[in-house]
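Here the structure comes first, spelled out in structure tokens, and everything after it is commentary.
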Amino acid sequence: MAKRLCRVGSFLAICLTPSVCFGIGDGIDGAALLFALLKFELAWTIFTLAVSLLLLLRKMSSERRIAYFVMLWIGQILYPFGLEIVDVLNGEPGKHIAEQVTKPVVLGGVTFPAGSQADYVRLGGGFWRRKLVEVTSASPVKLGSWEITHLNLTEPYGDVAHVWLVRPETIDGWPCDKAPGLTLTSARPLLRDCELIEPRSIGDVVWQRGTFVNRAADDGWALQWYGGRTTQAFGFAVDSMSATYNASLELQTSTSDLANADFEVGDYKFFKGDTNVLSWQPPGELRIRGYAKNAKTGAEVRCLRVNMSDRATHPCDDEGKDQHRDPSNEASGNG
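Under the working numbering, think of the first position of the sequence shown as 9, with each following residue one higher.
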């Protein structure tokens, strides 16, 4: 009996050798080695144990024992490769395959000529199931009235695409750079996002080149611009700003970081080095949050309300409610 148990133990140890080698070859520690054993051997070890108990404890010829041993040991080595073969046959969902097409292909309603570089994504359920998601052409092709050289779908069955324009274009009223995001519809492509290639003025705000434009769910617009230089918003110098507009480009919300410099509003002076934030409040009021001091009374405020029509000012608290009014400010006609 002892000899049989010894044989079984030796057999299992040898059968586990390939997994141990996989783990050591990856340079992993003891805990990770255990994970490797579970990963490669969980099903195989159970099978090996069952075969060992059923066959090796019974009387059989040496030739049959050797044959079973070789079969199981080689089978275990081939087990991981067998899984890879199954993945390949299944199509490995999500895997991208690039190739040069030998005949024209259509993506997003655009026909790209033979010789274009195409990218397909596998869908699973068979290696032959795949979807064209990206094409690049050496020569321009037509998307409506625009010329493009590249189109990429963000989702295989979606209608959102990014394109590469031959030249900057004005799309839905926005002067866009060469790489806008579009929604492909049966009527015409609609702008989803782009970066402005030149300044665009809307009311009292000048949106500089480099502003990011994004279409909102209600067909309005969200704009963001980040520094590098100053621009004007409601008559103030700002380093960055963001705002939302409705479909008619009527301002809905706006927040800006004021330029890092001393500036005065009415009798109040804001100081360089402080964080001063400008926000727009409907129907026509500005709110500056920061630190300011009244030049006449020395009164300090953390929030100042500014009427856009006449630049009249009075303090407010941090929650946006009126503070006590500054008598000197009211006397000077700024309250």
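The beta carbon of each residue, even a glycine, is placed where N, CA and C say it ideally should be.
DSSP three-state assignment for residue i, whether helix, strand or coil
i    : result
A75  : helix
L131 : coil
G83  : helix
G298 : strand
Q94  : Looking at the sequence provided, one finds Val at residue 94 rather than Gln. Helix.
F242 : coil
Per DSSP, the bridge partner or partners of residue i
i    : result
Y253 : W229, L259
T119 : V114
P101 : Note: P101 sits in no beta bridge, so no partner.
V174 : Answer is none; V174 lacks a bridge partner.
CB contact flag (residue i, residue j, <8 Å)
i    : j    : result
L199 : P188 : yes
V149 : D127 : no
N284 : G306 : no
S262 : W288 : yes
R310 : H322 : no
L151 : P197 : yes
P121 : S153 : no
Cut-off 8 Å between Cβ atoms - residues of its own chain near residue i, not counting five sequence neighbours on either side
i    : result
L8   : Here the chain has residues from 9 to 343 only, and residue 8 is not among them.
A269 : A245, K280
L266 : F244, A245, V246, D247, F278, N284, V285, L286, I296, G298
W233 : W215, Q216, G218, T219, F220, T239, S248, M249, S250
A303 : E272, D275, Y276, K277
I210 : Y253, L257, L259
Residues near residue i in its chain [Cβ-Cβ closer than 6 Å; skip 5 each side]
i    : result
V129 : H104, K139, V141, P164
T162 : V168
E272 : none
D180 : L199
S264 : A241, V246, M249, L286
E308 : K301
heavy atom of the ligand HEM below 7 Å from residue i C-beta
i    : result
T283 : With respect to the ligand HEM, the structure shown offers nothing to examine, as it has no ligands at all.
Sequence-distant residues of the same chain with beta carbon closer than 7 Å to residue i, five excluded per side
i    : result
P207 : V214, W215, Q216, R217
T144 : S124, Q125, T157, H158
D185 : P176, C202, E203, I205
E107 : A126
Length-filtered (3 minimum) beta strand (DSSP E) runs lying within the region 181-211: 182-184, 189-191, 198-203, 208-210
Ordered list of beta strand (DSSP E) runs contained in the region 263-323, each at least 3 residues: 271-273, 276-278, 285-289, 293-302, 308-315, 321-323
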